[in-house]
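A.B. asks: Take the sequence shown: its letters are residues 1 to 229, numbered as in UniProt numbering.
Glycine is no exception: its CB is placed at the ideal position from the N, C-alpha and C atoms.
Computed from a predicted structure; not experimentally measured.
Pasting a structure here, questions to come.
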Amino acid sequence: MTSLRRRNAESGYARGEETRAKIIETAITLFGEKGFAGVSTREIAGTAGVPAPSIQYYFENKEGLYQACVDNLHMSAWEAVGPVIAEVETLLADKADSDRLIDGYCRILERLADFLFAMPDAGSRALFVAQHRALTNWQKSTPSGQQATGRRIQDCCAAVVARIAGGLSPEDSKIVSTTVNGQLMIVHLARDHVEDMLGWTEITSARNEALKSVVRRQTTLLLNSYRSG
Numbered sequence: 001m002t003s004l005r006r007r008n009a010e011s012g013y014a015r016g017e018e019t020r021a022k023i024i025e026t027a028i029t030l031f032g033e034k035g036f037a038g039v040s041t042r043e044i045a046g047t048a049g050v051p052a053p054s055i056q057y058y059f060e061n062k063e064g065l066y067q068a069c070v071d072n073l074h075m076s077a078w079e080a081v082g083p084v085i086a087e088v089e090t091l092l093a094d095k096a097d098s099d100r101l102i103d104g105y106c107r108i109l110e111r112l113a114d115f116l117f118a119m120p121d122a123g124s125r126a127l128f129v130a131q132h133r134a135l136t137n138w139q140k141s142t143p144s145g146q147q148a149t150g151r152r153i154q155d156c157c158a159a160v161v162a163r164i165a166g167g168l169s170p171e172d173s174k175i176v177s178t179t180v181n182g183q184l185m186i187v188h189l190a191r192d193h194v195e196d197m198l199g200w201t202e203i204t205s206a207r208n209e210a211l212k213s214v215v216r217r218q219t220t221l222l223l224n225s226y227r228s229g
């Protein structure tokens, strides 16, 4: 009997997590398309195919659901990029040579490209991020734990630049890494511009691979130009 109750509890928990995840997935899409003010919790629940009170049960209110969407995006990004960041941090600690560090930097960008463009919900996430960045007090609205995700990526990339270049100041190293990473971010955040320049209405798997190839070549060339000798 105890075993049966445990299985029922576990089954209920699994269904609850699936429902919560479905609501978040739907909310990311609708918030991205219409903005925070343009969509109601009732519409989100209806589109997700769940009872309207589910929003209050899982998230308390619309603001709580929106924050859960932001948290989900940061968590997903770290799950995608975190392992290679840890590998490159180990290379830095082990004082690996420049070739290995440059390869590690390129792998960070490749993993980031896969997260930004190859996932099935990449388009919805891009729209959500664009809407979120348009809100006032963008930095103030983002908890420090989430800012730390982007900051750790930035710090790792800047550390690689500093190690390769030797004489660059910390600020200059961050400038270099920011511009290098911008190769992907401009494609991610300026979709209309990319469509105008390249004619891409979507980033297919083949286009993502082409993008990664170009970014690797450009990143390697740029970082090699900063070698201290």
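State the start and end residues of the unbroken alpha helix (DSSP H) segment that holds VAL176.
C.D. replies: Run containing VAL176: 170-189, per the alpha helix (DSSP H) assignment.
A.B. asks: By a C-beta neighbour count over all protein chains shown, 10 Å radius and 16 as the cutoff for buried, is SER144 buried or exposed?
C.D. replies: Unreliable placement is indicated for SER144, whose pLDDT of 47 sits below 50; no coordinate value is reported for it.
A.B. asks: Compute the Euclidean distance between the alpha carbons of residue 230 and LEU168, then round it to the nearest angstrom.
C.D. replies: Because residue 230 is not part of the residues shown, which for the chain are 1 to 229, the question remains open.
A.B. asks: Where does GLU87 fall in DSSP's three states?
C.D. replies: Reduced to three states, the DSSP call for GLU87 is helix.
A.B. asks: Within 10 angstroms of the Cβ of ASP196, are there 16 or more other Cβ atoms? Answer buried if so, exposed if not.
C.D. replies: Exposed is the call here.
A.B. asks: By how many angstroms is the C-alpha of ALA96 removed from the C-alpha of GLU33?
C.D. replies: Cα to Cα, GLU33 sits roughly 45 Å from ALA96.
A.B. asks: Would you mind stating whether ALA37 and ALA45 have Cβ atoms separated by less than 8 Å?
C.D. replies: Cβ atoms of ALA37 and ALA45: not closer than 8 Å.
A.B. asks: How big is the Cα-Cα spacing for ASP121 and ALA158?
C.D. replies: Looking at the two C-alpha atoms, the distance is approximately 29 Å.
A.B. asks: Does the count of Cβ pairs from the segment 91-109 and the segment 215-223 closer than 8 Å reach three?
C.D. replies: Enough Cβ pairs lie closer than 8 Å, so yes.
A.B. asks: Nearest-angstrom Cα distance between ARG163 and TYR57?
C.D. replies: One C-alpha to the other measures close to 50 Å.
A.B. asks: Taking C-alpha atoms, which residue in LEU189, VAL214, SER40 lies nearest to ALA134?
C.D. replies: The residue with the shortest Cα to Cα distance from ALA134 is LEU189.
A.B. asks: Around the C-beta of VAL214, are 16 or more other C-beta atoms found within 10 angstroms, so that it is buried, or is it exposed?
C.D. replies: Answer is exposed; the Cβ neighbour count stays below 16.
A.B. asks: Please classify SER205: does DSSP put it in a helix, a strand, or coil?
C.D. replies: Three-state DSSP puts SER205 in a helix.
A.B. asks: Which two residues bound the contiguous alpha helix (DSSP H) that contains ARG125?
C.D. replies: From DSSP, the alpha helix (DSSP H) with ARG125 extends over 122-134.
A.B. asks: Count the CB pairs spanning the segment 177-185 and the segment 108-128 that are closer than 8 Å, and state whether there are at least three.
C.D. replies: The segment 177-185, when compared against the segment 108-128, does touch it at the 8 Å Cβ threshold.
A.B. asks: Among residues of its own chain, excluding the 5 on either side of GLU10, which ones have a beta-carbon nearer than 6 Å to its beta-carbon?
C.D. replies: Residue placement at GLU10 cannot be trusted, given a pLDDT of 44 that sits under 50; what the coordinates show is reported in the next sentence. Cβ within range, chain order: n/a, list empty.
A.B. asks: Compute the Euclidean distance between the alpha carbons of VAL84 and GLY64, then round it to the nearest angstrom.
C.D. replies: The straight-line gap from Cα to Cα measures roughly 31 Å.
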